[in-house]
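Engineer: Residue numbers (our numbering), protein chains in the order written: chain A, 7 to 241; chain B, 176 to 562. Glycine included, C-beta positions come from ideal geometry on N, C-alpha and C.
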Amino acid sequence: MYIYQTGISLIDDIKGGISPGSNVLILAPSMSSGEKLGYAIMRPHEGEFALVLTTVMRSVDLMDFFSSEEFNRDAIGVIDSVTKLSTPDVSDTTQIKYVSSPSDLTGIGIKFSSLVESIFNGEFPPSDHALFPPPIRFYIDSLTTLLMYRKLEVLYQFLHVMTSKLKKMEAIGIYILNNESFDERTLSLMKQLMNVVIEVKSEQHGDFLRIRGVPGAPQEWVQFKIHKGTLEMVA
Amino acid sequence: MIRTGITGMDEMLGSGIPKGTRVVFSLEPGVEGRMFMMRTIASALNEKKNVCILSPHCTERVFFSESFEILEIDITNLGGKAVILDSTVRESINSCEKKGTSRKLAWKKLIEETLEQHSIDVFFVYFDLLYEDLGLQKALDLLPSGREKHRVTTVVEHLNLEGDSLISRFASENIFDLIISIHSAFTLVPFFNFFTLEYVSWARIPRRSIPYRVAGRSIRLYIPKIIITGPPASGKSTFVSHASDSGISVDRGDLDGCRTTVAMDLGWLHFRGFDITIFGTPGQPRFDPIIPQLVKNAMGIILILDATRPDMLVRAKELLHLAHAEKLPLVIAVNKSDLPHQMDDVTIREMLNLRDEIPVFFISALKRSDVHYVVESMVDRITRHPY
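Listed below in C-alpha cells is the structure:
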C-alpha cells in the first residue's frame with residue numbers, strides 16, 4: 007500500500023505518513039500560516055500528482071506561487087473558481103480548469119473528474135517516476151469560502167461524495183477551514199469526514215501546530231516553519 | 176415536441192419532449208452531464224423557440240461563455256430568443272427578501288411576468304441554488320404547471336446529493352413527467368458514464384440505463400464491451416465480422432488446416448444510435464486463462480453455439496462459468512441452424528441451466544440480418560440491466 011508523506015515529522019516518523027483515502031483538515035485562524043501549511047502537505051512528491059481547488063487565488067497567481075516555492079508544476083492540476091468572476095471567457099487547459107464561481111458544485115465535481123481522468127490517461131507532462139495507480143493529493147483552499155457560498159448541509163453532502171471518490175482512487179484530501187469564523191456545529195460536522203485534524207495557531211515568536219487523530223503522535227503544540235514550500239519542525 | 180438533440184434519446188422518447196411537460200436531468204456529482212441540458216437548450220433555440228434560462232449560479236456572460244465551452248456554438252445566434260435570469264437576479268431577491276416565503280413570492284412574480292412578457296415556450300432551470308434558498312417544496316412550486324394557459328415546457332438540471340431517495344420522491348409524487356438520472360460507474364478511475372430513464376409519463380418505456388460518452392461536443396450512446404464467446408468452430412469470428420462495421424481478428428492456421436482465434440476478435444459498430452465495441456474470445460481450452468481478463472468490465476455476453484454439435488454444450492457451459500455470465504446480461508445465439516440439426520431450445524436450456532428470461536435465437540451467422548437481431552436483443556438487455 008502506498009503511504010503519503012506529510013512532511014510533518016510527528017506523523018511521518020511514527021506512522022510513515024498517512025494512508026490512501028485519508029482526509030486531513032487544517033483548522034487555522036486568519037493571518038496564520040494555515041494556508042501555506044496546506045500547500046506544503048499538498049506538495050506532490052516524486053511520481054505523485056496534486057489537484058487544488060482554489061477559491062481564494064487565481065490559478066495564474068497560484069502557478070507563480072508554485073514556481074517560487076519550487077513545486078513541480080507539471081504534476082499539479084488546478085480547479086480555479088476565482089478567475090471566471092472577472093474574466094468570463096477564459097478557457098480550460100489540460101492542467102487548469104475553470105468553474106463559474108465557488109457556488110458551482112456541479113462544475114467543481116465535473117472538473118475534478120476531468121483532471122483525474124487526464125492524470126490516469128497520461129495527459130499531464132510525463133514523469134520518469136510514474137506510479138500506478140497515480141497517487142493524488144487533493145487540496146481545497148478553502149472550505150471557508152465554500153461555506154460562504156453554500157449551506158453547511160449541502161457542502162457536507164458534496165464533500166461526502168468527494169471523499170468516497172478519493173477513497174476509491176486511493177488519493178488523499180486536504181482541506182483548510184478558518185476555525186474562528188464558524189460555530190462548533192459547523193466544525194464538528196466537517197470533522198466527521200476527516201481522519202486527521204491539524205490545528206494551527208500563530209504567536210509572536212512563530213507558528214504552531216497540534217495534531218489530532220494520529221494514534222501515537224504527540225498531542226502538544228509544536229512550532230513549525232515553512233521554507234520554499236517545505237515544512238520544518240522547530241525542535 | 177421539443178427535441179433534446181441527443182441521438183437515440185429523442186427516438187426513445189417518441190421524437191422528443193411533449194409541450195407543457197416537466198423534465199429533470201438529475202446529475203450525480205462529478206459526472207459530465209451538463210451536456211444534456213445544454214443540448215436541449217440549443218435544440219429549442221434551433222427550433223426558433225423562445226426560452227428563459229434561470230441560472231442563479233452565474234452571470235449571463237459566464238453562462239454564455241460556459242455554453243460555448245460545452246457546445247462550441249454561440250447559442251445566441253441559433254434563431255430563438257433567450258432570456259436569462261442570472262446570479263444578479265438571485266442576489267437582488269435575496270438581499271431584498273429575507274424570508275423564504277417572501278423570496279418565493281418574488282421569484283414567482285418575476286418568473287410569471289417573464290414567461291408571459293416574452294411568450295416563453297421552454298423554461299430551463301438550474302435548480303440547486305433555488306432549492307437551497309427556498310427549500311425543495313417552495314422551489315418546486317416555482318416551476319410552471321403544464322396545465323396553465325400557455326403550456327410552457329420546463330426542463331430542470333439538478334445536482335443530486337441525496338441519491339435515489341430524491342429520485343423516488345420525484346417519481347412517486349408525479350412532480351416531473353420525465354426523470355433522467357445521470358451517473359458514473361466509478362471504479363479506480365471514472366470508467367463510464369450512463370443515464371437512466373427513470374420515469375416517463377407519456378409513454379410506456381421500461382426503466383433503462385444507457386451508457387454514453389461525450390465526443391465531439393455531443394452525447395454518443397456507448398457500449399464499451401460486449402463479449403462473444405462459445406466453443407471452438409461455433410462461428411464466433413464470423414459473427415463478429417458480420418456484426419461489425421470494421422474490426423480485426425487474430426487468427427492462425429491449426430495443424431489440421433482450420434483457422435482458429437488465438438487472442439481475440441475485435442469489432443466496432445454503430446447500431447441504433449449506439450457506438451459498440453465487441454470482443455470475441457478464443458474457444459480452445461488452451462486459451463481459458465485469458466478469458467476472465469477479456470471479460471473484465473464487459474456489459475453483456477453473447478454465447479454462440481453450433482446447432483450441429485450438441486456434444487459441445489459441455490464446453491459452452493465451461494465458458495459461461497469462466498466468463499461469470501450469471502452476473503451479466505446474456506443472449507444465446509445457436510449458429511448454423513440452416514444446416515440439418517437436432518439441437519432444440521429445451522435441450523439447450525436444460526444443459527446450460529438457463530433462466531427463462533434469457534433469449535435463445537436460432538440463426539446463421541452468415542446472415543447479417545440474423546446477427547443484427549441478436550445484437551439488438553443484447554443492447555435491449557444491457558439497457559434494462561440495473562447497474
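Taking 7 Å as the line, does the beta carbon of GLN229(A) fall inside it for any heavy atom of the ligand SAH?
Structural biologist: By its list of ligands, the structure shown contains no ligand whatsoever, and the ligand SAH lies outside what it can speak to.
Engineer: Taking GLY391(B) as the reference, which of HIS232(B), VAL198(B), MET213(B) and LEU246(B) has the closest Cα?
Structural biologist: GLY391(B) has its Cα closest to that of LEU246(B), out of HIS232(B), VAL198(B), MET213(B) and LEU246(B).
Engineer: By how many angstroms is the C-alpha of ILE401(B) removed from the C-alpha of SER148(A)?
Structural biologist: Distance between the alpha carbons of SER148(A) and ILE401(B) is about 44 Å.
Engineer: Kindly confirm or deny that the stretch 303-322 of chain B and the stretch 268-280 of chain B touch, where touching means at least three C-beta pairs closer than 8 Å.
Structural biologist: With the cut-off at 8 Å, the stretch 303-322 of chain B and the stretch 268-280 of chain B touch.
Engineer: Three-state secondary structure (DSSP) at LEU280(B)?
Structural biologist: The answer is helix: DSSP assigns LEU280(B) an H, G or I state.
Engineer: DSSP three-state label for LYS21(A), please.
Structural biologist: Looking at LYS21(A) - three-state DSSP - the assignment turns out to be helix.
Engineer: Report yes or no: do three or more beta-carbon pairs, one from the stretch 111-127 of chain A and one from the stretch 37-45 of chain A, lie closer than 8 Å?
Structural biologist: They do not touch, by the three-pair rule.
Engineer: Quick one: what's got a C-beta closer than 6 Å to VAL364(B)'s C-beta in the same chain, skipping five residues either side?
Structural biologist: Low confidence applies here, because VAL364(B) scores a pLDDT of 49, under 50, leaving its location unreliable and the question unanswered by this model.
Engineer: Pick helix, strand or coil for ILE476(B), following the three-state DSSP scheme.
Structural biologist: Looking at ILE476(B) - three-state DSSP - the assignment turns out to be strand.
Engineer: Taking the alpha carbon of MET212(B) as the reference point, which residue from PHE200(B), GLY422(B), ARG447(B) and LEU469(B) has its own alpha carbon closest?
Structural biologist: Cα-wise, what sits closest to MET212(B) is PHE200(B).
Engineer: Within the continuous alpha helix (DSSP H) that includes ALA257(B), where are the two ends?
Structural biologist: Careful: ALA257(B) lies outside any alpha helix (DSSP H), inside the beta strand (DSSP E) at 257-260.
Engineer: Taking 8 Å as the cut-off, does the stretch 441-450 of chain B touch the stretch 462-475 of chain B (at least 3 CB pairs, one atom from each stretch)?
Structural biologist: These segments do not touch.
Engineer: Could you say if the stretch 450-459 of chain B and the stretch 405-418 of chain B meet the contact criterion of at least three C-beta pairs nearer than 8 Å?
Structural biologist: Contact holds: three or more Cβ-Cβ distances are below 8 Å.
Engineer: With 8 Å as the C-beta to C-beta threshold (strictly closer), list the residues of the stretch 335-360 of chain B near chain A in chain order.
Structural biologist: Answer set for the stretch 335-360 of chain B: LEU336, GLU337 and SER359.
Engineer: Please report the straight-line C-alpha distance between ILE557(B) and PHE536(B), rounded to a whole angstrom.
Structural biologist: Taking the straight line joining both Cα atoms gives about 17 Å.
Engineer: If I measure Cβ to Cβ from HIS232(B) and keep anything under 8 Å in the same chain, skipping five residues before and after, which residues do I get?
Structural biologist: So the qualifying residues of the chain are SER262, TYR301, ASP303 and LEU304.
Engineer: Look up LYS207(A) in the DSSP assignment and say whether it is helix, strand or coil.
Structural biologist: Here LYS207(A) sits in strand by DSSP.
Engineer: Based on the DSSP secondary-structure assignment, which residues constitute the bridge partners of ARG383(B)?
Structural biologist: DSSP lists LEU372(B) as partners of ARG383(B).
Engineer: Looking only at its chain, what residues have a beta carbon closer than 6 Å to the beta carbon of ILE181(B), apart from the 5 residues adjacent to it on each side?
Structural biologist: Excluding residues within five positions, the ones whose Cβ falls inside 6 Å are ARG214 and ILE394.
Engineer: With DSSP collapsed to three states, give me the class of PHE77(A).
Structural biologist: It is coil, neither helix nor strand.
Engineer: At least one CB of chain B closer than 8 Å to the CB of ILE85(A): is that the case?
Structural biologist: Not closer than 8 Å to any Cβ of chain B, the Cβ of ILE85(A) fails to qualify, so no.
Engineer: PRO319(B) versus chain A: which residues are under 7 Å apart at the beta carbon?
Structural biologist: Under the 7 Å cutoff, chain A gives no residues; its nearest Cβ is about 23 Å from PRO319(B).
Engineer: If you measure between the beta carbons of PRO204(B) and VAL167(A), is that distance less than 8 Å?
Structural biologist: Contact flag set, yes.
Engineer: Contact between the stretch 416-424 of chain B and the stretch 489-501 of chain B is defined here as three or more beta-carbon pairs at a separation below 8 Å; is this criterion met?
Structural biologist: Contact between the stretch 416-424 of chain B and the stretch 489-501 of chain B is absent, because fewer than three Cβ pairs lie under 8 Å.
Engineer: Among SER187(A), ILE178(A) and GLN198(A), whose alpha-carbon lies nearest the alpha-carbon of TYR10(A)?
Structural biologist: For TYR10(A), the nearest C-alpha among the options comes from ILE178(A).
Engineer: Taking the C-alpha atoms as reference points, what is the distance between TYR387(B) and ARG265(B)?
Structural biologist: Taking the straight line joining both Cα atoms gives about 34 Å.
Engineer: Quick one, which residues of the stretch 188-202 of chain A are near chain B if we go by CB-CB under 9 Å, in chain order?
Structural biologist: Here the close residues number zero.
Engineer: Give a yes or no on whether the minimum CB-CB distance between VAL237(B) and chain A is below 8 Å.
Structural biologist: With 8 Å as the cut-off, VAL237(B) counts as an interface residue toward chain A.
Engineer: Looking only at its own chain, which residues have a Cβ that is under 8 Å from the Cβ of VAL258(B), when we skip the five neighbours before and after it?
Structural biologist: Once the five neighbours on either side are set aside, the close Cβ partners of VAL258(B) are ASN225, VAL226, CYS227, ILE228, THR289, HIS293 and ILE295.
Engineer: Can you name the residues of chain A whose CB is closer than 7 Å to the CB of GLU241(B)?
Structural biologist: Result: SER106.
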